[in-house]
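Protein chains: 2
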Amino acid sequence: MSVTDEYLRNNAEYVKTFSGPLPLPPSRHVAVLACMDARLDVYRILGLREGDAHVIRNAGGVVTDDEIRSLAISQRLLGTTEIILIHHTDCGMLTFTDDDFKRSIQEDTGIKPAWAAEAFVDLDEDVRQSLRRIEASPFVTATTSLRGFVFDVATGALREVQASS
Amino acid sequence: MSVTDEYLRNNAEYVKTFSGPLPLPPSRHVAVLACMDARLDVYRILGLREGDAHVIRNAGGVVTDDEIRSLAISQRLLGTTEIILIHHTDCGMLTFTDDDFKRSIQEDTGIKPAWAAEAFVDLDEDVRQSLRRIEASPFVTATTSLRGFVFDVATGALREVQASS
Numbered sequence: 036m037s038v039t040d041e042y043l044r045n046n047a048e049y050v051k052t053f054s055g056p057l058p059l060p061p062s063r064h065v066a067v068l069a070c071m072d073a074r075l076d077v078y079r080i081l082g083l084r085e086g087d088a089h090v091i092r093n094a095g096g097v098v099t100d101d102e103i104r105s106l107a108i109s110q111r112l113l114g115t116t117e118i119i120l121i122h123h124t125d126c127g128m129l130t131f132t133d134d135d136f137k138r139s140i141q142e143d144t145g146i147k148p149a150w151a152a153e154a155f156v157d158l159d160e161d162v163r164q165s166l167r168r169i170e171a172s173p174f175v176t177a178t179t180s181l182r183g184f185v186f187d188v189a190t191g192a193l194r195e196v197q198a199s200s
Numbered sequence: 036m037s038v039t040d041e042y043l044r045n046n047a048e049y050v051k052t053f054s055g056p057l058p059l060p061p062s063r064h065v066a067v068l069a070c071m072d073a074r075l076d077v078y079r080i081l082g083l084r085e086g087d088a089h090v091i092r093n094a095g096g097v098v099t100d101d102e103i104r105s106l107a108i109s110q111r112l113l114g115t116t117e118i119i120l121i122h123h124t125d126c127g128m129l130t131f132t133d134d135d136f137k138r139s140i141q142e143d144t145g146i147k148p149a150w151a152a153e154a155f156v157d158l159d160e161d162v163r164q165s166l167r168r169i170e171a172s173p174f175v176t177a178t179t180s181l182r183g184f185v186f187d188v189a190t191g192a193l194r195e196v197q198a199s200s
């Protein structure tokens with residue numbers, strides 16, 4: 036049995052106590068953008084209830100065109116206004132470089148990705164980079180609060196990264 | 036007080052019972068790609084424990100270059116092999132068209148996004164589209180299981196979408 040099959044059995048249990056449906060627009064008008072890391076249970080970390088907030092996640096919690104797309108849809112069509120960014124300690128994105136990663140793919144497959152891998156060397160600096168990319172986007176304009184944090188995988192705590200420095 | 040501030044107070048409570056740190060690589064070797072919809076608490080829907088699986092999320096749960104980037108990093112650097120795709124009923128992506136959305140942005144800002152909004156008209160068809168984009172990628176090659184589902188926001192149940200049709 037695959038792990039997927041095991042998770043489907045878990046879902047059958049989930050259904051037994053499920054109460055829905057909730058409305059489509061996020062009730063707290065928040066969008067969270069976090070790393071895909073397995074240790075970040077974003078709903079528990081922030082105390083989100085189902086229906087509260089959009090949750091966008093990718094390798095690193097970085098901002099590329101696809102996160103701008105998601106945030107634009109979140110704000111323009113579904114009324115969110117606050118954005119919370121979450122990077123974290125012990126992140127895999129600190130362990131390689133774009134050049135090495137793309138070289139390795141090229142050697143294995145013969146094809147070098149046309150996209151950036153978005154590896155980074157400093158957590159706080161990359162949170163600030165993500166803040167700035169959002170601020171610079173002409174498509175994400177309804178923001179009333181934009182703040183970035185580093186989640187500590189050893190303690191569970193969020194530490195805010197100051198935008199200016 | 037902003038909602039963000041409220042969530043930070045929740046995090047202070049979370050820290051009190053947090054036990055960590057867990058290892059970086061996902062222990063169950065799974066990557067989940069789901070819609071950002073606020074009603075999808077992916078950890079609860081699948082019964083994921085912290086540390087189990089990468090969780091990638093965006094508007095629609097679609098596959099663009101950024102999801103290929105995240106999946107390539109997940110598989111090549113962190114050893115995942117199973118992929119679970121999750122779309123859901125009552126999805127916002129069913130409520131607009133790319134043309135109208137981008138026209139609205141252009142009228143408001145003067146700039147038309149160079150990216151696709153990735154709206155879709157049929158849930159099952161778009162799950163199959165996501166399956167095919169992953170199968171077609173030269174960069175996501177370690178997959179041992181790739182399955183797509185529609186989450187029912189009224190019942191909490193996952194329904195599998197058959198790849199061929």
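Top line first, the protein sequences correspond to chains H and X. Residue numbering for the first sequence follows the working numbering, beginning at 36 and increasing consecutively. Residue numbering for the second sequence follows the working numbering, beginning at 36 and increasing consecutively. All residues carry an ideal CB built from backbone N, CA and C; glycine is no exception. Keep in mind it's a predicted model, so treat the numbers as computed, not measured.
Residue 106 of chain H sits close to residue 175 of chain H, with the two beta carbons spaced by under 8 Å. Residue 156 of chain H and residue 164 of chain X have their alpha carbons spaced roughly 35 Å apart.
Here residue 124 of chain H has 187, 188 as same chain residues with Cβ atoms under 6 Å from its own Cβ, once five neighbours each way along the sequence are excluded. Residue 136 of chain H carries a helical assignment under DSSP once its states are collapsed to helix, strand and coil.
When rounded, the separation of the alpha-carbon atoms in residue 147 of chain H and residue 145 of chain X is 34 Å. Of all residues in the region 121-144 of chain X, the ones placed with a Cβ closer than 9 Å to any Cβ belonging to chain H are 124, 125, 126, 127, 128, 130, 131, 136, 139, 140, 143, 144, in chain order.
Only those residues of the region 79-100 of chain H whose C-beta falls short of 9 Å from the nearest C-beta of chain X are listed: 79, 80, 81, 82, 83, 84, 85, 86, 87, 88, 89, 90, 91, 92, 93, 94, 95, 97, 99, 100. The beta carbon of residue 57 of chain X falls within 8 Å of a beta carbon belonging to chain H, placing the residue at that interface. For residue 178 of chain X, no CB of chain H lies under 8 Å from its own CB, so it is not counted at the interface with that chain.
Look at residue 62 of chain H here: in three-state DSSP terms it is coil, with no helix or strand label. Contact fails between the region 83-92 of chain H and the region 107-120 of chain X, because fewer than three Cβ pairs, one in each stretch, are under 8 Å apart. Looking at the DSSP output, residue 183 of chain X sits in a beta bridge with X:120, X:196.
Distances from the alpha-carbon of residue 70 of chain X to those of X:91, X:55, X:47 put X:91 closest. Residue environment analysis places residue 66 of chain X among the buried positions, since at least 16 neighbouring C-beta atoms fall within 10 angstroms of its C-beta.
When 7 Å is used as the limit between beta carbons, residue 191 of chain X is near these residues of chain H: 49, 50, 53, 55, in chain order. In the structure shown, the three-state DSSP call for residue 57 of chain X is coil. Every beta strand (DSSP E) stretch that sits fully inside the region 59-116 of chain X and reaches 3 residues is listed by chain position as 65-70, 88-93. Residue contact with chain X for residue 162 of chain H: absent (no Cβ-Cβ distance below 8 Å to any residue of chain X).
Chain H places a beta carbon closer than 8 Å to that of residue 71 of chain X, counting this residue as a contact. About 5 Å separates the beta carbon of residue 180 of chain X from that of residue 39 of chain H, a gap short enough to meet the 8 Å contact definition. Around residue 117 of chain H, the beta-carbon contacts reaching into chain X at under 7 Å are 37, 38, 39.
Residue 141 of chain X sits exposed, since fewer than 16 C-beta atoms from the chains shown fall within 10 Å of its C-beta. Taking the C-beta atoms as reference points, residue 97 of chain X is found nearer than 8 Å to residue 153 of chain X.
Rounded to whole angstroms, the gap between the alpha carbons of residue 113 of chain H and residue 122 of chain X is 17 Å. Between residue 183 of chain X and residue 50 of chain H, the CB-CB gap reaches or exceeds 8 Å. Neighbourhood of residue 174 of chain H in chain X, by CB distance below 8 Å: 140, 144, 146, 148, in chain order. Close to residue 152 of chain X, with beta-carbon spacing below 9 Å, are these residues of chain H in chain order: 104, 107, 108.
Per DSSP, residue 147 of chain H is not a residue of any alpha helix (DSSP H), being assigned neither H nor E. Collapsing the DSSP output to three states places residue 39 of chain X in a helix.
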